[in-house]
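Asker: My questions all concern the structure below.
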Amino acid sequence: MSSDPYRPIPYRPERLSRDESRRRGEAFYREMDRRRSVRFFSEEPVPKELIETAIRTASTAPSGAHRQPWTFVAVSDPETKLQIRQAAEEEERRSYLGGRMPEDWLEALAPLGTDWQKPFLETVPWLIVAFEQIWSFNPDGSRRKNYYVKESVGLACGLFLTALHHMGLATLTHTPSPMRFLTEILGRPENERPYILFPVGYPAPDCQVPDIQRKPLQEVAVWNPKPPQPE
Ligand code: IYR
């Protein structure tokens, strides 16, 4: 008979006062609200150690059955970045100019000022590609099932960009479509699929971002039961 695999350990996080919770929560919200997706990066180098910290933070995410079904590939080699830029631009050119994107998509993207050209893929110090592991390997080479892979990797990527922002770095959740070329260029195994391509660096000194606003709380939160309405 096998022993019970559930062997819990104590968990005793610090209990904060209400004031301390409010103070920390507000400060963290204000910090995160300053984050913007960036498409103009400085060429200033970013130490590998900062990328390692962001990946370690990403990897603290919860995941289906704790399978941690992600791989973060960190690219700094100029030749590989150039290859990725060329392949991404080829796909993007087909999407933007070759009629692959429907009219409504082009309209939806117009306020963001994007086009098929992605020079930042070559000039930014790091490209980090998050791969989802649609299955894993057992030690004997057979397939091991993963669970809630998209949700798990999405959570890890959210923590990744939060960590970068906290360190004063900028990124973009770039999804050139289709992204299969990343599997080939980066020589990833058959169980992995590209999920998001993150260019990572410091924002360029003359960086500009689209003038967009976030939805107010009332538009994104619903209270059940509803709070009493003023007369
Ligand atoms: N992948 C393309 C198009 C694009 C799609 C969405 I949805 C965006 O929010 C932004 C861009 C590109 O990167 O240009």
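Note that my numbering has the sequence shown beginning at 714, numbered continuously upward. Positions of the beta carbon are idealized from the N, C-alpha and C atoms, including for glycine. These numbers were taken from a predicted model, which means no experiment stands behind them.
Can you give me the Cβ contacts of residue 825 inside the same chain, cut-off strictly under 7 Å, excluding the 5 residues immediately before and after it?
Answerer: 923
Asker: Give the list of continuous alpha helix (DSSP H) stretches no shorter than 4 residues that lie fully inside the segment 731-783.
Answerer: Runs found: 731-746 and 761-771.
Asker: For residue 832 versus residue 789, is the C-beta distance shorter than 8 Å?
Answerer: no
Asker: Could you tell me which of 747, 793, 737 and 765 sits nearest to residue 894, measuring between CA atoms?
Answerer: 793
Asker: Is there at least one non-hydrogen atom of the ligand IYR closer than 7 Å to the beta-carbon of residue 825?
Answerer: yes
Asker: With H, G and I counted as helix, E and B as strand and the rest as coil, what does DSSP make of residue 848?
Answerer: strand
Asker: Classify residue 752 as buried or exposed, calling it buried when 16 or more other Cβ atoms lie within 10 Å of its own Cβ.
Answerer: With 16 or more neighbouring CB atoms inside 10 Å of its own CB, residue 752 falls in the buried class.
Asker: From 860, 878 and 805, pick the residue whose C-alpha is nearest to that of residue 743; which is it?
Answerer: 878
Asker: On the three-pair Cβ rule with 8 Å, is the segment 890-907 touching the segment 801-813?
Answerer: yes
Asker: What separation, rounded to the nearest whole angstrom, lies between the Cα atoms of residue 748 and residue 942?
Answerer: 33 Å
Asker: Helix or strand or just coil, what does DSSP make of residue 927?
Answerer: coil
Asker: What is the DSSP secondary structure of residue 827, counted as helix, strand or coil?
Answerer: coil
Asker: Mind checking who residue 905 pairs with in its DSSP beta bridge?
Answerer: Looking at the DSSP assignment, residue 905 forms a beta bridge with 846.
Asker: Looking only at its own chain, which residues have a Cβ that is under 8 Å from the Cβ of residue 916, when we skip the five neighbours before and after it?
Answerer: 751, 753, 754, 755 and 883
Asker: Determine the DSSP secondary structure at residue 914, reduced to helix, strand or coil.
Answerer: strand
Asker: Which residues does DSSP list as the beta-bridge partners of residue 787?
Answerer: Assignment of beta-bridge partners to residue 787 by DSSP yields 841.
Asker: Hey, could you find the ends of the beta strand (DSSP E) residue 858 is sitting in?
Answerer: Looking at the DSSP string, the run of the beta strand (DSSP E) that includes residue 858 is 856-858.
Asker: Which whole-angstrom value is the C-beta distance of residue 770 and residue 872, which I expect to be below 8 Å?
Answerer: 5 Å
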